[in-house]
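Undergrad:
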Amino acid sequence: MEETRKIAIDFDGTIVENAYPRIGKPMIFAFDTMKKLQDKGFRLILWTYRHGKSLDEAVAFCKEHGVEFYAVNQSFPEEEATDDVSRKINADIFIDDRNIGGMWDWGLIYQELIGERPQQTKKSKSLFPFLKR
């Protein structure tokens, strides 16, 4: 039986533009990609420096955009912080804007992990509709 893969994802600068302590605008394809990853069976862990009220706001923001996390700042939902438990998240993949080489574009992450191109959720309005063929 194949084990479910876990992905730890940072919030500020990764899921949303960095505007800490405020919540920035969603990164293009971030929520589409995370939803598709969940559909494919990945377990998503929100892994962020935020805590208290600002963490609650980030979790609520993601939920409003259709993403609920398997765990938040812990490896699994029932994990308790004790001296014999490592603070490092147990994940197969980490998505963070502070990676060496920088943050990958969410469209690239989508293609790499899902193996197909993402579909845009909103149609952009043409400035010149008469040029459509």
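Throughout, the numbering used here is defined as the position within the sequence shown, counted from one, plus 553. Think of the CB as a built atom: it goes at the ideal place given N, C-alpha and C, for glycine as much as any other residue.
Taking the DSSP output, what are the residues bridged to V569?
TA: The residue given as residue 569 occupies position 16 in the sequence shown. D565 and P579, per the DSSP bridge assignment.
Undergrad: Is there contact here, the segment 657–673 with the segment 598–618, by at least three beta-carbon pairs under 8 Å?
TA: no
Undergrad: V625 bridges to which residues according to DSSP?
TA: Here residue 625 corresponds to residue number 72 of the sequence shown, with the count starting at 1. DSSP, once it has assigned bridges, lists L599 as partnering V625.
Undergrad: With DSSP as the reference, please indicate the residues paired to F614 in a beta bridge.
TA: Counting from one through the sequence shown, the residue named residue 614 turns up at place 61. Answer is none; F614 lacks a bridge partner.
Undergrad: Taking the continuous alpha helix (DSSP H) assigned at F662, which residues delimit it?
TA: As a working mapping, residue 662 is identified with position 109 in the sequence shown. The sequence shown places Ile at residue 662, rather than the Phe named in the question. That run of the alpha helix (DSSP H) goes W659 to I667.
Undergrad: According to DSSP, simplified to helix, strand and coil, what is K593?
TA: In the sequence shown, residue 593 corresponds to position 40, counting from 1. If DSSP states are grouped into helix, strand and coil, K593 belongs with coil.
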